Amino acid sequence: MRQSNTPASQVSSSGRLEEKKPGLQSGTGNGKESAAVRGFVLIALLLLLLSSCSGVLKGGTYSTYFGEGLDYKTEMRGVEEKNLYKRLKAASEAFSPEEGMPPFTLLHLTTMAERDVSMFVKVLRAEGYYAARADYTIDDKLDPVLLRYIIETGPLYRLKEIRLTPHASFDQAANLLPRPDELPLRSGDAVKSSQVISAERTVVALLRKQGFPFAALRERTVTINHSDRTASIVFTVETGRKALLGETTFQGLITVDQDFLRGIIPWQRGDVFDEQLIQKFQRRLFETGLFSIVRIHEAQEVDDDDMLAVKVEVTERKHRSVSAGVSYRTDEKLGAKSSWEHRNIAGKAERLSIGMKASNYGAAAEGSFVKPQFFHRLQKLKLVTSLAEDRPEAYISRYLSSLALVEREIYPRVIAAAGLGIKVSSIEQQSDREDYQLLSAPFTLSRETSDDIFDPTRGGKLILQMTPMHDVRTEGRTFLKSTATYTHYLALMKSPILVLAARVSVGSVIGQSRLSIPADERFYAGGGGSIRGYAYQSVAPMSADGTPTGGRSIAEFSLELRGKITEKIGLAVFADGGGAFSSSDPLEGERLRWAAGLGLRYFTQIGPLRADVGFPLNPRPDMDDSFQFYVSLGQAY
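Heads up: the sequence shown begins at 640 in this note's numbering, then just goes up one per residue.
Have a look at this one:
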């Protein structure tokens, strides 16, 4: 049995390392024998070095391809907390030999263990265990050799007090320093190095928010009191000069108009410096979609007027792009779409898009133009024109529509939009044909807090929409169409990733009887974006021959559990329900249709590729198939 206080080797009078090995005796011989022995030892050492360069670590025992190295296993005692155990194990050389170089002698293993226990004490102190001890034993009688670490964490030390004091040359700034209660480390908290560093960064960040761009922490003093197991911390802070935001210059612009970028700067010249304003400006520049790289640099010093110059370095991305995609659904069969986009048509982030799509249910072409900073920095104009023929089972609609919409961010993440539209259409349903000229005035209010467009894991999105419509061709045909949709995402686990997604949507049309409303403005449920497991638009009021005729209201509900089993592969389990109804009140109690299913996700750089199969739980006899299959890009919602 070898222990940490027992040397693994001794130094002879000649200075050579002589490792004690059982059953091996030392002696002297003639010169030829000594030379042969030395040659044999050199060859053996060379083979050992070569063999140690390629090996496989399995279950703590290391074996090599060119003969066996030292077989050993490791264990750790005294640590109950899972995360602390992981940190210690990650810091250990013996648990994970660096770069595939295992110990090949007991001496090497002993040296490695000595370094490990020293590192363990550092890790434990960083976690707040300032009286921690670590030791080890090596049992070379076992096969494989057992290396055992014994850890005594001791008590967890807690913060007694934290004080901030100004640097000697800036005594006048004492009243400007943050208060201790503004820091993430409070009295009674465990004194972990990560939290101490976080508190330091918070001090500097708070000062930079208050106008001090050159704020810095000059000294940190941590006093450990072993008698009451506490620590006291003193931060010595230098605020530097207070600064005002001065001239902003740009570097790297090629086709983007500089005046347009100045229009999205969130401060005025002479405003007090605030690092959050700098970060906000950087986000706005990225959100234009015009740049691949954005770096913002502040000058190293203020001028005589306390002004701080700001330099913006950008790299423009390609402004034109072409995209294409395909989808498949059991009911709709194969679908395809393509688009072309120019994101800087006139140098001020004007966006022109042209797209087309086609499937068994129809075809459409659409063009759109977006003008940012439309009479206001946070306002944009959207113009959309569509030409389409829709051919679902419920109706055939041929139409030309145009819409002008003004959007404005009225609050962070809250967008209001209002506009005017016209739609000229010809609709056939059950052998009846009718022409319409609809004028509309849509109003939308939305708030989005989700973290990703294609694969959200937290946050949500609320969309409220009201659209009054009037048919110019028919006197008195005026109605109001309203919808409300909320989706929410809750991260249940981070590793592996497990997300619960939920969606609720309701809608209603008032002002006209059901059949007086154009067929393509009524509500239909069922399909990939609605109730998976039922055919597209099939969950709605029906005619005598089983053709969907649409309803005046709709209600849809969905729950989906999404898990990521590898970096590229994910699974989903979902339950959908709802329906479209004859009444304008979706809560009147008409029967809902329910479905459940499974999904497979393949994660790409542009979002997850989704494949879902849905099964109706209360199918209608001789009407609903036993399942529906869907393939598309992006999550279901």
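Heads up, the beta-carbon is just placed ideally off N, CA and C, and yes, glycines get one too. Source: prediction; values computed, not measured.
Can you have a look at residue i and say buried or exposed, based on whether 16 or more other CB atoms are within 10 angstroms of its CB?
{"i": "M1262", "result": "exposed"}
{"i": "N983", "result": "buried"}
{"i": "S1070", "result": "exposed"}
{"i": "L689", "result": "Note that L689 scores 39 on pLDDT, short of 50, meaning its location in the model is unreliable and no value can be drawn from it."}
{"i": "A1318", "result": "Residue 1318 falls outside the range modelled here, since the chain spans only 640 to 1276, and no answer is possible."}
{"i": "S1281", "result": "Summary: the structure shown does not reach residue 1281, with the chain confined to residues 640 through 1276, and so no result is reported for it."}
{"i": "L1131", "result": "exposed"}
{"i": "Q1068", "result": "buried"}
{"i": "S665", "result": "Because S665 carries a pLDDT of 33, less than 50, the predicted location of this residue cannot be relied on, and no value is offered for it."}
{"i": "K1019", "result": "buried"}
{"i": "E942", "result": "First, the amino acid is wrong: residue 942 is Asp here, not Glu. By the neighbour-count rule (16 or more Cβ atoms within 10 Å), D942 is not buried but exposed."}
{"i": "G1185", "result": "exposed"}
{"i": "T792", "result": "buried"}
{"i": "F853", "result": "buried"}
{"i": "Q1274", "result": "buried"}
{"i": "F1093", "result": "exposed"}
{"i": "D1091", "result": "exposed"}
{"i": "P1135", "result": "exposed"}
Give every residue of the same chain whose Cβ lies closer than 6 angstroms to the Cβ of residue i, excluding the five residues on either side of it in the sequence, and list them in chain order.
{"i": "F1008", "result": "L991, L1022"}
{"i": "G1253", "result": "R1171, G1172, A1234, G1236, Q1267"}
{"i": "D1264", "result": "none"}
{"i": "T860", "result": "V873"}
{"i": "N814", "result": "none"}
{"i": "Y1276", "result": "T1126, R1142"}
{"i": "L1137", "result": "L1131, G1202"}
{"i": "I1035", "result": "E1067"}
{"i": "A1043", "result": "L1022, G1058, L1059"}
{"i": "Q1104", "result": "T1083, T1122"}
{"i": "Y1269", "result": "R968, G1167, D1251"}
{"i": "K950", "result": "T888, H936"}
{"i": "G885", "result": "M946, L947, A948"}
Assuming residue i and residue j make a contact with CB atoms under 8 angstroms, what is their CB distance in whole Å?
{"i": "S1221", "j": "R1191", "result": "6 angstroms"}
{"i": "L846", "j": "T878", "result": "6 angstroms"}
{"i": "G850", "j": "D913", "result": "7 angstroms"}
{"i": "E952", "j": "G891", "result": "6 angstroms"}
{"i": "G986", "j": "V895", "result": "6 angstroms"}
{"i": "S1284", "j": "R1116", "result": "Since the first residue of the chain shown is 640 and the last is 1276, residue 1284 is not available in this structure."}
{"i": "V756", "j": "D778", "result": "In fact, because the Cβ distance is near 16 angstroms, the residues do not count as touching under 8 angstroms."}
{"i": "L947", "j": "A844", "result": "Going by Cβ atoms, the distance from L947 to A844 rounds to 17 angstroms, so no, they are not a contact pair."}
{"i": "Y1075", "j": "P1157", "result": "5 angstroms"}
Report the option in the options whose CA atom is closest to the CA atom of residue i.
{"i": "R619", "options": "E839, L815, G717", "result": "Given that the chain is displayed from residue 640 to residue 1276, the structure contains no residue 619 and the question cannot be resolved."}
{"i": "G1166", "options": "R908, S1152, S1197", "result": "S1197"}
{"i": "T1024", "options": "G974, R1016, Y1075, G1060", "result": "G1060"}
{"i": "L856", "options": "D1029, Y1038, L803", "result": "L803"}
{"i": "G1150", "options": "L1119, P1051, K780", "result": "L1119"}
{"i": "V842", "options": "R818, T862, M758", "result": "R818"}
{"i": "Y1128", "options": "S1040, A1164, L1200", "result": "L1200"}
{"i": "S1040", "options": "G1189, H981, L1077, A1033", "result": "L1077"}
{"i": "A988", "options": "Y768, K996, Q1012, T1205", "result": "Q1012"}
{"i": "R797", "options": "A765, T744, D896", "result": "A765"}
{"i": "P1225", "options": "K1133, T1122, E732", "result": "T1122"}
{"i": "V1145", "options": "A1219, D1091, A1080", "result": "A1219"}
{"i": "T734", "options": "L1042, M751, N722", "result": "It is Phe, not Thr, that sits at residue 734 in the sequence shown. When only C-alpha atoms are compared, the closest one is M751."}
{"i": "K919", "options": "D1091, P1051, D944, Y1163", "result": "P1051"}
{"i": "R772", "options": "E732, Y788, E1227", "result": "Y788"}
{"i": "A997", "options": "E1229, L1026, T1124", "result": "L1026"}
{"i": "L781", "options": "T713, F1014, G1238", "result": "T713"}
{"i": "D867", "options": "Q915, T954, Y769", "result": "Y769"}
{"i": "S731", "options": "K1100, R754, E720, N722", "result": "R754"}
Within its chain, find whatever has a CB closer than 8 angstroms to the CB of residue i; leave out the 5 residues flanking it on each side and keep chain order.
{"i": "Q834", "result": "P823, L824, D828"}
{"i": "M995", "result": "K976, S977, S978, A1002, A1003, A1004, E1005"}
{"i": "G767", "result": "L795, Y796, R797, A829, V830, K831"}
Can you name, in chain order, every residue of its own chain whose Cβ lies under 7 angstroms from the Cβ of residue i, other than the five neighbours on each side?
{"i": "N999", "result": "E971, K972"}
{"i": "R956", "result": "L929, F930, S931"}
{"i": "N1257", "result": "R1232, W1233"}
{"i": "S652", "result": "Note on S652: pLDDT 27, under 50, position unreliable in the model; no value is reported."}
{"i": "L663", "result": "Because the pLDDT of L663 is 30, which lies under 50, any placement of that residue in the model is unreliable, and the question is left without a value."}
{"i": "S1271", "result": "S966, G1167, R1249"}
{"i": "E940", "result": "none"}
If we cut at 8 angstroms on Cβ distances, does residue i have a partner in chain C?
{"i": "A975", "result": "Of the chains in the structure shown, none is chain C; there is only one protein chain."}
3-residue-minimum beta strand (DSSP E) runs that sit fully inside the segment 881–941, ordered along the chain: 883–890, 930–937
Counting only runs of 3+ residues fully inside the segment 1067–1119, write out the beta strand (DSSP E) ranges in chain order. 1071–1079, 1082–1087, 1098–1110
Residue ranges of each beta strand (DSSP E) run of no fewer than 3 residues wholly in the segment 1143–1216, ordered along the chain? Within the segment 1143–1216, the complete beta strand (DSSP E) segments at least 3 residues long are 1192–1203, listed from N- to C-terminus.
Those runs of the alpha helix (DSSP H) which lie wholly inside the segment 823–859 and span at least 4 residues: At a cut-off of 4 residues, the continuous stretches assigned as alpha helix (DSSP H) that sit fully inside the segment 823–859 are 832–848.
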